[in-house]
Amino acid sequence: MVVLSTAFCPPIEYFAVLAGYSSVFIDSGENYQKQSWRNRCRILTGSGPQDLCVPVVHSSSRAITEIQVEYTTPWVVKFERAVASAYDSSPFFEFYRDEFFAILDSHPATLWELNRQITEWICRKIGVAGGAVEATASDPVRGSAAHPSQPRGWAPRSEGNRGPRKSADFWGAHEGGTPLGGSTSTAPLDLRDAIHPKRPNTILADMGLGRPYWQVFRERFGFTPGLSVLDLLFNEGPDSILWLQRPKKVLLHACCAPCSGAVLERLLQEGYQPVVFWSNSNITPKEEYDHRENELLRYAKKLGVQVVEDDYDHAAWRDCVKGLESEPERGARCLECFKARLLRAAEYASRNGFPILATTLASSRWKSLEQVDEAGSWACSRVEGVQWWPRNWRKGGLQERRAQIIKEQDFYNQTFCGCEFSRTREEL
Ligand code: SF4
5 MVVLSTAFCP PIEYFAVLAG YSSVFIDSGE NYQKQSWRNR CRILTGSGPQ DLCVPVVHSS
65 SRAITEIQVE YTTPWVVKFE RAVASAYDSS PFFEFYRDEF FAILDSHPAT LWELNRQITE
125 WICRKIGVAG GAVEATASDP VRGSAAHPSQ PRGWAPRSEG NRGPRKSADF WGAHEGGTPL
185 GGSTSTAPLD LRDAIHPKRP NTILADMGLG RPYWQVFRER FGFTPGLSVL DLLFNEGPDS
245 ILWLQRPKKV LLHACCAPCS GAVLERLLQE GYQPVVFWSN SNITPKEEYD HRENELLRYA
305 KKLGVQVVED DYDHAAWRDC VKGLESEPER GARCLECFKA RLLRAAEYAS RNGFPILATT
365 LASSRWKSLE QVDEAGSWAC SRVEGVQWWP RNWRKGGLQE RRAQIIKEQD FYNQTFCGCE
425 FSRTREEL
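The numbering of the sequence shown is my numbering, which starts it at 5 and goes up by one.
Laid out in structure tokens, this is it:
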């Protein structure tokens with residue numbers, strides 16, 4: 005379960021959450037916060053990103069559902085002019101402008117109602133199916149009780165609350181999977197403050213999303229992230245949903261069974277369809293390589309996950325790290341080692357229609373997250389159609405689960421990283 009604040013023409017990650025989580029609650033019980041997405045959005049104009057604000061009436065009540073929109077100034081006209089000027093030449097703006105502007109022109113009295121109408125409209129246009137959104141009713145500001153297990157200010161409708169409004173099937177029950185890119189725990193995920201104009205977040209990256217889409221001013225600025233979902237909608241139209249839903253197929257480069265255990269388990273829990281790619285020509289001697297591979301095959305078989313085995317060519321790997329033999333672990337040799345292995349994986353992913361590549365390499369604290377990310381991004385940039393997934397596989401309880409699975413599965417205890425240079429004199 006995820007909690008969001010209300011937002012005006014919300015940012016893209018907000019809609020990724022609506023599209024990707026099985027139950028989402030938009031908090032009607034919170035207080036209004038200035039300088040948040042609650043009354044502002046960011047569009048891309050010919051001069052760069054621009055924030056557009058909805059003026060609100062200042063009053064003694066800060067309850068979000070009671071904040072009145074200020075219509076004595078001509079902000080609606082100015083807003084529509086700015087949006088039209090930014091998106092007139094986008095492929096889909098002309099198809100949406102009348103309906104979108106009609107909502108603004110109808111002057112919904114409260115910020116809550118304005119945001120609700122716009123959010124609902126965008127969900128319909130994008131095709132966030134089944135109503136992933138439920139407005140909440142538990143409102144401590146007005147005295148109704150929240151479920152004791154829920155954070156103050158919101159609770160699911162199914163627990164006896166009467167939502168402030170429901171419309172058609174759009175607000176019906178959503179038959180979704182478990183949360184994406186986050187914990188599978190039943191504890192609510194509170195994103196009310198995480199999605200904020202001044203605080204960059206990793207929500208899209210954590211969900212395996214965030215790849216560039218077509219933008220009107222791409223030639224002037226390159227791809228500009230962090231915008232309102234309007235930018236996506238006007239540029240990609242009905243295909244916007246493809247940018248908001250995580251692909252199911254993931255190619256997971258695996259370095260060994262101990263590092264893969266928790267990652268594979270979590271991917272399956274989150275509804276992904278991982279295929280493991282075993283490409284580790286760094287490991288020597290061959291008996292060690294075979295031993296590690298067999299441990300991984302044993303575990304993958306238990307989970308019913310397919311393993312693709314790359315060719316073993318330690319001589320070719322030696323060529324990749326030539327001149328770096330005496331580098332320490334986490335040094336320049338390891339970066340080249342990661343690049344060599346992840347390039348093999350990226351090439352396989354590209355040839356076989358895997359849109360996302362991840363690796364278990366950085367799930368061990370002995371490896372440098374930065375080096376693994378650099379190598380993964382580099383490898384994916386060299387092939388067509390594969391996005392690097394820079395998720396931190398040590399977070400969200402995965403480090404602890406990793407240790408548990410190693411014990412549970414009685415995995416072979418590796419004493420060195422893999423190559424001859426990572427072995428001590430005694431081991432050689
Ligand atoms: S120490 Fe490990 S990561 Fe570094 S080069 Fe050797 S096998 Fe690769």
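Just so you know, even glycine gets a beta-carbon here, dropped at the ideal spot from N, CA and C.
At a threshold of 6 Å, does residue i count as lining the ligand SF4 (C-beta to nearest heavy atom)?
i           : result
residue 422 : yes
residue 341 : yes
residue 426 : yes
residue 333 : yes
residue 337 : yes
residue 286 : yes
Using alpha carbons as the reference points, say which of the options lies closest to residue i.
i           : options           : result
residue 406 : 357, 364, 26, 385 : 364
residue 61  : 45, 116, 46       : 116
residue 367 : 121, 270, 38      : 270
residue 381 : 105, 75, 332, 215 : 215
residue 410 : 53, 369, 121, 262 : 262
residue 119 : 89, 105, 42       : 42
residue 242 : 28, 67, 265, 217  : 217
residue 108 : 207, 65, 292, 59  : 59
residue 256 : 69, 244, 272      : 272
residue 207 : 249, 327, 374     : 249
residue 397 : 372, 386, 384     : 372
residue 127 : 195, 71, 234      : 234
residue 357 : 92, 387, 370, 220 : 387
residue 205 : 378, 345, 231, 26 : 231
residue 277 : 294, 311, 12, 244 : 311
Just the C-alpha distance for residue i and residue j, rounded to the nearest angstrom, thanks.
i           : j           : result
residue 281 : residue 349 : 7 Å
residue 395 : residue 130 : 26 Å
residue 73  : residue 112 : 8 Å
residue 260 : residue 297 : 7 Å
residue 421 : residue 427 : 8 Å
residue 7   : residue 21  : 10 Å
residue 3   : residue 342 : Because the chain spans 5 through 432 in this model, residue 3 falls outside it and cannot be assessed.
residue 279 : residue 254 : 6 Å
residue 160 : residue 5   : At residue 160 the pLDDT is 31, less than 50, meaning the model places this residue with poor confidence and gives no usable figure here.
residue 306 : residue 265 : 11 Å
residue 354 : residue 246 : 18 Å
residue 287 : residue 361 : 21 Å
residue 193 : residue 251 : 22 Å
residue 320 : residue 291 : 18 Å
residue 110 : residue 199 : 27 Å
residue 413 : residue 326 : 36 Å
residue 210 : residue 202 : 19 Å
residue 154 : residue 333 : At residue 154, the pLDDT of 35 sits below 50, so the modelled position is not reliable; the number obtained from the coordinates is stated separately. Approximately 46 Å, taken between the alpha carbons.
residue 316 : residue 338 : 18 Å
In the DSSP output, what is residue i paired with across the bridge?
i           : result
residue 194 : 7
residue 46  : 55
residue 350 : Note: residue 350 sits in no beta bridge, so no partner.
residue 318 : According to DSSP, residue 318 bridges with nothing at all.
residue 86  : Looking at the DSSP assignment, residue 86 forms no beta bridge with any residue, so it has no partner.
residue 360 : 254, 391
residue 67  : 35
residue 278 : 254
residue 232 : 15
residue 412 : Looking at the DSSP assignment, residue 412 forms no beta bridge with any residue, so it has no partner.
residue 72  : 114
residue 203 : 200
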